[in-house]
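In my numbering, the protein residues as written are 184 to 471. Glycine included, C-beta positions come from ideal geometry on N, C-alpha and C.
Shown next as structure tokens:
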């Protein structure tokens, strides 16, 4: 099926009878063929209902604005919906922020080159010049914006200027800087970070040293949306690996790097595919 005819509809609203019938009926009347439907309710009587519905229709390649107006008036208003249509032919543009470590960055670039991440990467921004050659070998522009305590806001403003009109979301691929609240407000629920521990344990710096000192039996990584509260944004994906007393700090870091890159790539892929709904400080992820 041509991408120009494929779309998905994402909905969250108070749960009540009739939602699926109303939505599917609206699409049926306009010639849509539903190819996938995922749904979840926090409670059948007093909860919140979530839906991701993927479909094909001729009008997707036509007057989208008219259909969206009709949906807002005829369906969404009656159910107090937060909703949006996402169209498969819209290629999301992501900026990648990185410092010195390359494992998460390379995973994203490899998957992008292979076609597993269907996105555009108009730029990589870094507070160090270390990875310029690596990034430019993929044909992607690299911008070096060194940061000190005194220049932080100025450099964030430069980054925002570079991204203006060119970027839909941001990925922090082990970017070792804390973003200011002013910066985050420009991309709400559109900045994905990889945290090198299984949140909420070992929050902050030196997580593998902390893990080693505690003698942990599992280590992990967490991908989450960035909020002003450090490492406390909505969690998208997590994973773990078993370790034991024979693993030293260097081995823990090596195992951890592998988890970090795969967890971040999955979170980015789900964001690109419009599989994530944010509900308060949680996410509903309809992973395919």
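Can you look up residue i in the DSSP assignment and give me helix, strand or coil?
i	result
residue 176	Residue 176 is absent from the model: the chain starts at 184 and stops at 471.
residue 454	helix
residue 403	strand
residue 346	helix
residue 268	strand
residue 466	strand
residue 390	helix
residue 274	coil
residue 309	strand
residue 378	strand
residue 412	coil
residue 321	coil
residue 501	In this structure the chain extends from 184 to 471, so residue 501 is not present and cannot be described.
residue 300	coil
residue 205	helix
residue 282	coil
residue 314	coil
residue 461	strand
residue 429	coil
residue 189	strand
Look at the Cβ atom of residue i, then the Cβ atom of residue j, and state whether they are nearer than 8 Å.
i	j	result
residue 400	residue 425	yes
residue 300	residue 202	no
residue 469	residue 267	no
residue 460	residue 193	yes
residue 195	residue 233	yes
residue 402	residue 435	yes
residue 330	residue 302	no
residue 276	residue 349	yes
residue 186	residue 272	yes
residue 188	residue 241	yes
residue 288	residue 314	yes
residue 420	residue 394	no
residue 191	residue 269	yes
residue 317	residue 285	yes
Which residue wins for smallest C-alpha separation from residue i, given the options the options?
i	options	result
residue 205	220, 222, 244, 257	257
residue 345	378, 379, 305	305
residue 412	362, 450, 447, 457	362
residue 293	313, 315, 321	321
residue 229	291, 286, 200	200
residue 357	406, 316, 395	406
residue 351	371, 340, 332	371
residue 423	191, 443, 416	443
residue 418	298, 465, 259, 389	465
residue 364	237, 409, 323	409
residue 431	462, 452, 398, 445	398
residue 222	210, 237, 415, 211	237
residue 462	416, 427, 438	416
residue 376	428, 264, 414	414
residue 336	325, 360, 427, 319	360
residue 298	458, 457, 452	452
residue 428	467, 211, 396	396
residue 438	323, 391, 458, 295	391
residue 243	210, 323, 467	210
Our contact map puts residue i next to residue j with C-beta atoms below 8 Å; I'd like the distance itself, whole angstroms only.
i	j	result
residue 342	residue 374	No, residue 342 and residue 374 are not in contact; Cβ-Cβ is about 12 Å, not under 8 Å.
residue 282	residue 311	6 Å
residue 404	residue 379	6 Å
residue 355	residue 280	5 Å
residue 217	residue 278	In fact, because the Cβ distance is near 34 Å, the residues do not count as touching under 8 Å.
residue 366	residue 339	5 Å
residue 239	residue 260	26 Å between Cβ atoms; not a contact.
residue 197	residue 231	6 Å
4 or more residues per run - each alpha helix (DSSP H) lying fully within the segment 214-262:
247-254
Taking the runs of the alpha helix (DSSP H) that are 4 residues or longer, which of them lie wholly in the segment 325-376?
335-346, 364-367
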